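One structure below.
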Amino acid sequence: MTSVHILNGPNLNLLGTRRPEVYGTTTLAAVEDLCHEEAARLGLDVVFRQSNHEGRLIDWIHEAGARVKAGEVIGAVFNPGAYTHTSIALHDAIEGTELPVIEVHISNVHRREAFRHHSYISPVARGTIVGLGVDGYRLAIDALHRMSLA
Ligand code: DQA
Numbered sequence: 059m060t061s062v063h064i065l066n067g068p069n070l071n072l073l074g075t076r077r078p079e080v081y082g083t084t085t086l087a088a089v090e091d092l093c094h095e096e097a098a099r100l101g102l103d104v105v106f107r108q109s110n111h112e113g114r115l116i117d118w119i120h121e122a123g124a125r126v127k128a129g130e131v132i133g134a135v136f137n138p139g140a141y142t143h144t145s146i147a148l149h150d151a152i153e154g155t156e157l158p159v160i161e162v163h164i165s166n167v168h169r170r171e172a173f174r175h176h177s178y179i180s181p182v183a184r185g186t187i188v189g190l191g192v193d194g195y196r197l198a199i200d201a202l203h204r205m206s207l208a
């Protein structure tokens, strides 16, 4: 079955208890459940991952990217956490693999500190979803699915 990869960066394992006034109270396990629910509706499998390590995220982007041409993977929903604002290496990984990526942020980063306003990921993402809470994951899966049919 074709799959969609959901990649989560640093500190997202703390979802549910970390700054609930900013990120809400939904846990990462509950986000995984909602991703499975949405993907199943569309006939897709889910590979759901989280890491606090940049290199590991890069390896996962390479892995997903290598499976797109064979039609095994439609793309990745990617919440890079704080690496969004720092990582040229993640930018290069997406650019180099041409992995279709929808960048997701639970919070509206543009309403927050200035250092969150710049993203190294957005220029190589197909689209971005910002500030819609964990619903952004569901919307991003839908968007990747539509793109894969186009
Ligand atoms: C985040 C926003 C980032 O600025 C922050 O570092 C995160 C979470 C979000 O989902 O809103 O870890 O990506």
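Every position in the sequence shown, counted from 1, becomes a number in the numbering used here once 58 is added.
Positions of the beta carbon are idealized from the N, C-alpha and C atoms, including for glycine.
No experiment lies behind these values; they were computed from the predicted model shown.
Check the DSSP bridge columns for residue i and list the partner residues they point to.
i           : result
residue 136 : 65 and 161
residue 186 : 161
residue 131 : 61
Measuring straight from C-alpha to C-alpha, what distance separates residue i and residue j?
i           : j           : result
residue 143 : residue 178 : 6 angstroms
residue 128 : residue 170 : 40 angstroms
residue 134 : residue 145 : 17 angstroms
residue 188 : residue 117 : 25 angstroms
residue 138 : residue 207 : 26 angstroms
residue 82  : residue 71  : 13 angstroms
residue 99  : residue 200 : 10 angstroms
residue 153 : residue 123 : 10 angstroms
residue 173 : residue 68  : 16 angstroms
residue 149 : residue 120 : 12 angstroms
residue 163 : residue 136 : 9 angstroms
Am I right that residue i and residue j are in contact with their C-beta atoms under 8 angstroms? What's the rounded C-beta distance?
i           : j           : result
residue 62  : residue 97  : 6 angstroms
residue 192 : residue 65  : At roughly 15 angstroms, the Cβ-Cβ gap does not stay under 8 angstroms, so residue 192 and residue 65 are not in contact.
residue 73  : residue 86  : 5 angstroms
residue 40  : residue 158 : Nothing can be reported for residue 40: it is not among the residues displayed for the chain, which extend from 59 to 208.
residue 112 : residue 141 : 6 angstroms
Measuring only from the beta carbon, is residue i closer than 7 angstroms to any heavy atom that is part of the ligand DQA?
i           : result
residue 70  : yes
residue 169 : no
residue 183 : no
residue 165 : yes
residue 140 : yes
What are the boundary residues of the beta strand (DSSP E) that includes residue i?
i           : result
residue 107 : 103 to 108
Under a CB-based cut-off of 8 angstroms, is residue i close to chain E?
i           : result
residue 147 : Here there is only one protein chain, and chain E is not present.
Residue i lies in the alpha helix (DSSP H); which residues open and close that run?
i           : result
residue 206 : 193 to 207
residue 99  : 86 to 99
residue 115 : 112 to 124
residue 148 : 146 to 155
residue 79  : 78 to 81
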